[in-house]
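Read the structure below first, then the notes.
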Amino acid sequence: MHLERRILITGGAGFIGSFLCERLLESGANVLCADNFFTGTRTNVAHLLSHPRFELMRHDVCFPLYVEVDEIYNMACPASPIHYQFDPVQTTKTSVHGAINMLGLAKRVKAKILQASTSEVYGDPAVHPQPEEYWGNVNPIGPRSCYDEGKRCAETLFFDYHRQHKLRIKVARIFNTYGPRMHPNDGRVVSNFIVQALKGEDITLYGDGQQTRSFCYVDDLVRGLISLMDTGDDITGPINIGNPGEFTIRQLAEQVIDLTGSKSKLVFMPLPQDDPKQRQPNIEKAREILGWDPEVRLRDGLTKTIAYFDGMLSDKLAAK
Ligand code: NAD
Ligand code: UDP
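Residues 12 to 331, numbered by my numbering, are exactly what the sequence shown covers, in order.
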């Protein structure tokens with residue numbers, strides 16, 4: 012008999028997954044982290060390896076997994092454009108075959124399952140800010156499509172398993188999230204700008220830097236995901252989880268320069284194809300249903316993230 016909840020986190024050795032592992036262990040659960048280490052690392056969960064309720068397993072979600080668990084957080088999928096465009100076919104497989112395998116597992120063991128979906132399902136949105144009812148504006152054949160359409164198909168699968176097999180599902184649409192343990196070379200804007208500023212290198216603004224994003228600190232995001240998982244069976248989502256504070260990419264660069272005291276200069280580079288012009292979540296549903304609101308201001312979250320990358324770069328220098 013199992014008195015403690017057993018929770019599977021796919022992609023648990025990644026940036027967001029590793030914080031989820033931490034928080035769920037703190038809540039008293041048994042945590043099984045399954046990851047193929049494509050973008051995640053053992054280092055992200057090294058501090059958990061000796062925890063008696065933590066288990067790390069190398070596994071690719073494109074293959075079936077036979078374990079006994081009560082809840083599944085399906086986080087496995089490369090999230091940054093550089094990483095998901097490295098092997099786009101594998102990215103679609105991870106989202107689609109991964110969802111089928113994890114939904115099949117959830118069906119067999121009657122587990123509740125949460126999908127890490129994304130604001131990318133809205134594409135380059137024609138509605139602003141984006142409510143969950145908006146169906147999106149996604150290019151099905153562009154360089155971002157492997158990620159966007161993979162995640163959209165995963166949502167379809169989640170809702171069909173819910174309707175067809177009465178599975179208990181939770182779909183979270185995650186907006187840009189940042190914090191410590193982001194991959195330093197994954198090309199995402201927050202990690203790029205911080206690393207460039209700390210090294211005194213040019214800060215690379217794509218396009219004119221007027222495109223906007225809304226940045227959520229990882230602690231807030233993880234709190235939102237856990238409260239969504241803990242809702243009653245009637246709540247399926249999709250629910251937007253993100254910080255509605257909207258900034259231009261140029262404003263972000265200026266904040267990073269200010270907080271690091273860097274002498275880096277802003278340089279302008281071509282805008283990648285299909286780069287969304289604006290993105291801001293409407294989080295009324297998360298507020299109403301989860302009683303959730305982000306608490307960490309961009310300035311405070313950036314300060315913590317800068318401290319993390321500063322430590323990482325100093326360790327690298329010391330090791331040379
Ligand atoms: P990440 O790349 O740090 O984490 C993804 C993890 O999944 C990594 O540990 C990677 O090794 C693992 N993985 C990839 N393919 C796998 C496979 N086939 N089998 C098993 N493991 C696999 O990215 P993240 O930012 O932590 O994102 C986590 C999840 O949240 C992803 O599903 C992503 O799409 C979603 N999301 C993230 C953001 C964000 O801003 N960070 C925004 C929207 C959605
Ligand atoms: N971006 C930028 N410079 C960089 C990296 C990204 O100007 O060095 C821009 C990018 O073009 C996009 C925004 O920052 O408009 C966010 O990019 P990211 O890859 O972090 O996430 P996404 O586009 O998936 O929201």
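Every residue gets a Cβ at the ideal spot worked out from N, C-alpha and C, and that includes glycine.
Nearest to ASN47 by alpha-carbon distance, out of LEU35, GLU33, THR21, PHE30, is THR21.
Judged by pairs of C-beta atoms under 8 Å, the region 309 to 322 touches the region 252 to 267, as three or more such pairs exist. Look at ASP159: its beta carbon is at least 7 Å from all of the heavy atoms in ligand 2. A contact is defined here as three or more CB-CB pairs under 8 Å, and the region 179 to 191 meets this definition with respect to the region 236 to 247. Relative to GLY25, the option among ILE18, MET86, SER38 whose CA is nearest is MET86. Counting C-beta pairs with one atom in each stretch, the region 30 to 44 and the region 67 to 83 have three or more that are closer than 8 Å, which means they touch. Under the three-state reduction of DSSP output, GLY25 falls in the coil class, being neither helix nor strand.
Residue pairing for LEU125: DSSP places it in a beta bridge opposite TYR84, LYS181. Residue pairing from DSSP leaves CYS157 without any beta-bridge partner. Taking a cut-off of 8 Å on C-beta distances, the region 98 to 106 does not touch the region 137 to 145, as fewer than three cross pairs fall below it. For ASN203, there is no enclosing beta strand (DSSP E); the enclosing alpha helix (DSSP H) covers residues 200 to 210. A check of alpha carbon separations from THR188 across ARG17, GLY28, GLU144 identifies GLY28 as the nearest. Contact between ASP285 and PRO154 holds, with the beta-carbon distance rounding to 7 Å and staying under 8 Å. Residues HIS139, THR223 of the same chain have their beta carbon placed closer than 6 Å to that of GLN289, with the five preceding and five following residues left out of the count. SER202 has its alpha-carbon roughly 7 Å from the corresponding atom of MET193.
For GLN291, no pairing in a beta bridge is given by DSSP. Here ASN148 is exposed: its Cβ has fewer than 16 other Cβ atoms, across all protein chains shown, within 10 Å. At the C-beta level, ALA165 and ILE214 stay beyond 8 Å of one another. At least one heavy atom of ligand 2 is found less than 7 Å from the C-beta of ARG199. Judged by their CB atoms, ALA110 and LEU178 are not nearer to each other than the 8 Å cut-off. A direct Cα-to-Cα measurement between PRO89 and CYS73 gives close to 13 Å. Judged by DSSP secondary structure, ARG69 falls within the beta strand (DSSP E) whose first and last residues are 65 to 69. Uninterrupted beta strand (DSSP E) stretches at least 3 residues long and entirely within the region 212 to 266 occur at 214 to 217, 223 to 225, 250 to 252, 257 to 259, given in chain order. ARG53 and PRO283 have their C-alpha atoms some 31 Å from each other.
If you check the CB distance, VAL278 and LEU216 come in under 8 Å.
Ranked by how close their Cα comes to the Cα of VAL78, the residues MET113, LEU59, THR50 have MET113 in first place. When the alpha-carbon of GLN126 is set against those of LEU168, ASP219, ARG64, the nearest one is in LEU168. DSSP, reduced to helix, strand and coil, places PHE30 within a helical segment of the structure shown.
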